[in-house]
């Protein structure tokens, strides 16, 4: 591993250790650059829990080192208490079941559907699977 | 370019007694949603279950398979 990659990996580890709830995403919470990231960040915002966010887009090595560290191939990735919780699918499922609120230690909001703002949503819309 | 049918077959070949339902979300052969049921998921966390599905495709996820949305269910083991 090059020095630069080692530095990036250490920085990622440090960020995960220093922030109880941290999401690695494409874009920022204010301006997500991918529907999956938008949806995942919307779940965190709906819970009203404080969280840190890292945009992985500025440098490809951030994503490479993150996936190498977490053994998880896709973005976004949510960590709570230093542990990988999952990506968009798992976080959305856990939000809807109330498990995510329990994990981060907040009250489940009474009514707060997880949906990306249309203005922030990219062309791909992820819909709930048919029941 | 992989098709939903390709993904379904590969998941079912790789994971014991798996039944997969794969949908091509955009018709473009790069954004898929897979619903997978298998008794092999029993006793595993969601993370581990999803990793088992991602592992079927290795580096293809994030590459040719731009996005793979996953939902897993633990199925009864067949007698």
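Protein chains in written order, with the numbering used here: chain A, 1292 to 1422; chain B, 4 to 82.
Every residue gets a Cβ at the ideal spot worked out from N, C-alpha and C, and that includes glycine.
For a test of the three-state rule: what should DSSP assign to residue i, helix, strand or coil?
{"i": "residue 1414(A)", "result": "Confidence at residue 1414(A) is low in this model, with a pLDDT of 44, below 50, so its placement is unreliable and the value that follows should be read with caution. Of the three classes helix, strand and coil, the one that applies to residue 1414(A) here is coil, per DSSP."}
{"i": "residue 66(B)", "result": "coil"}
{"i": "residue 55(B)", "result": "helix"}
{"i": "residue 16(B)", "result": "helix"}
{"i": "residue 1327(A)", "result": "helix"}
{"i": "residue 1342(A)", "result": "coil"}
{"i": "residue 61(B)", "result": "helix"}
{"i": "residue 1374(A)", "result": "strand"}
{"i": "residue 29(B)", "result": "coil"}
{"i": "residue 1400(A)", "result": "coil"}
{"i": "residue 1297(A)", "result": "helix"}
{"i": "residue 1320(A)", "result": "coil"}
{"i": "residue 4(B)", "result": "coil"}
{"i": "residue 1423(A)", "result": "The structure shown has nothing for residue 1423(A), since chain A only spans 1292 to 1422."}
{"i": "residue 1351(A)", "result": "helix"}
Considering only the beta carbon of each residue, do residue i and residue j sit closer than 9 angstroms?
{"i": "residue 21(B)", "j": "residue 43(B)", "result": "yes"}
{"i": "residue 73(B)", "j": "residue 29(B)", "result": "no"}
{"i": "residue 1310(A)", "j": "residue 1352(A)", "result": "no"}
{"i": "residue 1299(A)", "j": "residue 1368(A)", "result": "no"}
{"i": "residue 18(B)", "j": "residue 1381(A)", "result": "no"}
{"i": "residue 40(B)", "j": "residue 80(B)", "result": "no"}
{"i": "residue 1338(A)", "j": "residue 1376(A)", "result": "no"}
{"i": "residue 1303(A)", "j": "residue 1391(A)", "result": "no"}
{"i": "residue 1378(A)", "j": "residue 34(B)", "result": "no"}
Can you list the residues of chain B that residue i reaches, using a CB-CB cut of under 8 angstroms?
{"i": "residue 1342(A)", "result": "The premise fails here: residue 1342(A) is roughly 19 angstroms from chain B at the closest Cβ pair, so nothing lies under 8 angstroms."}
{"i": "residue 1381(A)", "result": "49, 50, 53"}
Interface residues of chain B around residue i at Cβ under 7 angstroms?
{"i": "residue 1308(A)", "result": "Going along chain B, no residue has its Cβ under 7 angstroms from residue 1308(A), so there is no contact; the nearest lies around 19 angstroms."}
Could you work out which residues of chain A lie near residue i, taking near to mean beta carbons separated by less than 8 angstroms?
{"i": "residue 39(B)", "result": "Within chain A, no residue comes near residue 39(B); the closest Cβ sits about 11 angstroms away, beyond 8 angstroms."}
Which partner residues of residue i appear in the DSSP bridge assignment?
{"i": "residue 22(B)", "result": "40(B)"}
{"i": "residue 72(B)", "result": "36(B)"}
{"i": "residue 1314(A)", "result": "1344(A), 1369(A)"}
{"i": "residue 77(B)", "result": "41(B)"}
List the residues of chain B whose Cβ lies closer than 9 angstroms to the Cβ of residue i, in chain order.
{"i": "residue 1490(A)", "result": "Beyond the ends of chain A as shown, which are 1292 and 1422, falls residue 1490(A); an answer cannot be given."}
Note down, in chain order, every chain A residue with its Cβ under 9 angstroms from the Cβ of residue i.
{"i": "residue 73(B)", "result": "1378, 1380, 1381"}
{"i": "residue 64(B)", "result": "1364, 1365"}
Check: In chain order, what residues of the region 1353 to 1371 of chain A put their CB closer than 9 angstroms to some CB of chain B?
Finding: The region 1353 to 1371 of chain A vs chain B, Cβ under 9 angstroms: 1354, 1358, 1362, 1363, 1364, 1365, 1366.
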